[in-house]
Structure formats: structure tokens, C-alpha cells
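Under the numbering used here, think of the first position of the sequence shown as 3, with each following residue one higher.
Ideal Cβ positions, reconstructed from N, Cα and C, are used throughout, including at glycine.
In what follows, a structure is listed as C-alpha cells, so that the remarks can point back to it.
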Amino acid sequence: YFSLLQDSTRQLSGLVDNVLKLSRLESQNIISKPDEYSLDEQLRRVVLMFEQQWSKKNLYLDLDLPQCEIVGNKELFNQMWINLVGNAVKYTDCGGKIGIRLDASLNDYITVEIYDDGIGMTEEVQKHIFEKFYQGDTSRKSQGNGLGLALVKTVADITGSTIDVKSQPQKGSTFTVKIPK
């Protein structure tokens, strides 16, 4: 019973935390001044945050993160990467593959692709994934609250970035974020 109580408390705490973050983002109360920082290093740190989960699932990581300095809201982008990498880990089965590719070679924007060979999504699910409280995979409902991708979309909108998804059931998903330079 204690274990169930702990799990429920963790889930409720995550829900409250995400609702508060989304609310502050939508009212733009937590937007700080842009910083110059290393985007590649930020992405590496986010990957390390999930080391216990990807190690436990024996996931293969494919990282292509050349050095890239960026001027942007470090806190907001960090939240975006946490949600996208966390989903990739959550929805990839044991022994699967997750990748992150960073490309700053284009003149107008920096591209970050986060991809996996996990469970993927139908076209119908893809139409709704950025909506608040929407969960396409109800079998993993206990692991989330349907706010992560709504937060990602809000951050993209606030920062002038775009986010696209390509996915197929049982073939994985690729989320592409384009950040204006």
C-alpha cells in the first residue's frame, strides 16, 4: 500500500507541476531574458538526466551533437528537451534506439531532431498530441498526464520555433524542432 501511495503521490505532484508550468507559460510569467549558451551541452545534460531509465531498458543512443552556441531562453528550451527526450525513452521498448541530431549549418535556423524506434503513433493521434491532457497511448496512462507535449508546443510558440512530428505505428516517431537563429 505504501508503494501505491508513493506512486500516486508522484503522479499527482507531476500533474500539479505541469499544470503550473503550463499556466505560467500561457500567461508568460516565467519568461526570462535570453542567454547565450551551448545547445549541444544542454541536450547532453538532458540525456544524462534519463540515464537510469534508458540504461534499465538497454536503449541504444545515437547522438550527433556538434558544438552549437545559441541565444535563447535556456530554461524554456530545457523544459522542451526534457519532455521530448523523456517521451522517447518512455515510448521505446527495451533494446530500442533513440537519437538526437543537431544541425546548425543552415543560415536561418537550428534544427534539433529527437527520434526513436518506439511504438509510434497513428495519424489520428498525431493530430491531437499537442492538446492539453491528450494521451494517445492509454496503456501507459499511469506514466504521464497528457501535458508534456502541450508544454513543448507552448515553448515552441513563445520562442518563435516550430515543432513537427512524423510517426508510424510500431516504427517510431521523429520530432523536429526548428529554432530561428
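- Beta-bridge annotation (DSSP): residue 93 is not paired with any residue.
- Burial is judged here by how many other beta carbons sit within 10 angstroms of a residue's own beta carbon; residue 117 has at least 16 and is buried.
- Counting only residues of its own chain and dropping the five nearest sequence neighbours on each side, residue 89 has a CB closer than 7 Å to the CB of 150.
- As the crow flies, the alpha-carbon of residue 121 is around 6 Å from that of residue 171.
- Boundaries of the alpha helix (DSSP H) around residue 57: 53-58.
- The alpha carbon of residue 113 has as its nearest neighbour, out of 35, 37, 179 and 38, the alpha carbon of 179.
- 49 is the residue among 49, 72, 68 and 70 whose C-alpha sits nearest the C-alpha of residue 62.
- In the displayed model, residue 43 falls within a helix according to three-state DSSP.
- Each residue's CA atom was taken as its position, placing residue 96 and residue 52 some 14 Å apart.
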